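Quick notes on the structure that follows.
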Ligand code: PMV
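Residue numbers (the numbering used here): 1 to 314.
Laid out in structure tokens, this is it:
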């Protein structure tokens, strides 16, 4: 056993959230300005495996971790699954977890935590896991987080590449031919993804024709956006983002705060804006250029954004 550390980024979904659960394509990119870091250090034999999360002021021994604890799925489950994968009991390791990704805000904090934990344990045990293996394990964790995940979060976070993702299909990475700038603005409202996903499922069951058509149009937008990203037609992404946001509102996953942030971004000169992730709260993304970025960020702050992060994609 050796000391080791591992990181994993956050993610943003550019197009296609929710519809991706029903087999439509979606586009997501890693968000490297935010990340989870896990440091693994061997400890003396009797100590077992201890997880320390200074951000939330918790230290817990794996063998004492109550599966009903609200933090169990985020911190305990990924560790248990990777130890099962190796077929070994609890090794004497201290795992220190730090994250700059806000939780329940559509930026993939759960998948990033699981990825960094699993990767760090593999390295500490001197059996580094391949990304395909890590992806399978993180997907298992995601299933416990929100029941019917599409798999997009774990895929983009584990491989750390822009992806064009279709559930159940082999990984397709995306070539960003011309880098573009996105602002990620936090509404400050936490919103668990599984609630929004469950509500969309009920909505679909109540009117399959109408909701199915919305999913199909969102999938179509993701396909058109892929070509625009790969050919550098960045400005054309703006209207596609706006339409995608409108369709997400019809799926009931926007909110007054998210609508307000999107409108403020557009009014201040963004090419387009939409919610990103599960919705109902969490973050919006706005497509900007160098001249509008500061103005749009100021406008977002004025209408209540808790935090605005600027990120260049590609
Ligand atoms: O809220 P997040 O970051 O977990 O993103 C969820 C994306 C959904 O499409 C709503 C669900 C899924 O599993 O793809």
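C-beta atoms are modelled at their ideal positions from N, C-alpha and C, and glycine is treated no differently.
Note that the structure is a prediction, hence the values are computed from the model and not measured.
Relative to the Cα of residue 183, the nearest Cα in the group 295, 39, 46 belongs to 295. Within the same chain, 10, 100, 101 come within 6 Å of residue 34 by CB-CB distance, once the 5 residues on both sides are set aside. Spatial neighbours of residue 160 in its own chain (CB-CB distance under 7 Å, excluding positions within 5 residues in sequence) are listed in chain order as 9, 30. Per DSSP, the beta bridge partners of residue 35 are 9. If you ignore the 5 residues before and after residue 219, its C-beta comes within less than 6 Å of the C-beta of 19, 24, 25, all in its own chain and listed in chain order. For the pair residue 240 and residue 253, the CB atoms are not nearer than the 8 Å cut-off.
The Cβ-Cβ distance between residue 273 and residue 303 does not fall below 8 Å.
Per DSSP, residue 174 lies in no beta strand (DSSP E) and is assigned neither H nor E. Counting C-beta pairs with one atom in each stretch, the segment 146-156 and the segment 41-48 have fewer than three that are closer than 8 Å, which means they do not touch.
Annotation: residue 119 to residue 79 spans about 10 Å, alpha carbon to alpha carbon.
Per DSSP, reduced to three states, the secondary structure at residue 283 is strand. For residue 53, the enclosing beta strand (DSSP E) starts and ends at 49-53. With a minimum length of 3 residues, the unbroken runs of beta strand (DSSP E) contained wholly in the segment 240-311 fall at 272-276, 283-288.
Residue burial is scored here from C-beta neighbours: residue 213 has fewer than 16 other C-beta atoms within 10 angstroms and is therefore classed as exposed. Inclusion of residue 162 and residue 171 in the CB contact set at 8 Å is not warranted, their separation being larger than that value.
Judged by DSSP in its simplified three-state form, residue 101 adopts coil rather than helix or strand. Excluding its 5 nearest sequence neighbours in each direction, residue 196 has C-beta neighbours in its own chain below 6 Å: 253, 278, 279, 280, listed in chain order. Non-local beta-carbon contacts of residue 41 in its own chain, meaning distances under 6 Å to residues more than five positions away in sequence, involve 3, 94 in chain order.
Between the ligand PMV and residue 162, a heavy atom-to-CB distance of less than 7 Å is absent. The nearest non-hydrogen atom of the ligand PMV is 7 Å or more from the C-beta of residue 211. Take residue 292, set aside five residues on each side of it, and the residues of its chain with a beta-carbon closer than 6 Å to its own are 269, in chain order. Closest in C-alpha terms to residue 245, from the list 232, 86, 261, comes 261. Residue side-chain check: residue 17 places its Cβ nearer than 7 Å to a non-hydrogen atom of the ligand PMV. Straight-line measurement puts the Cα of residue 110 at about 19 Å from the Cα of residue 122. Remark: the shortest separation between the CB of residue 193 and any heavy atom of the ligand PMV falls under 7 Å. If you draw a straight line from the Cα of residue 204 to the Cα of residue 194, it is about 15 Å long.
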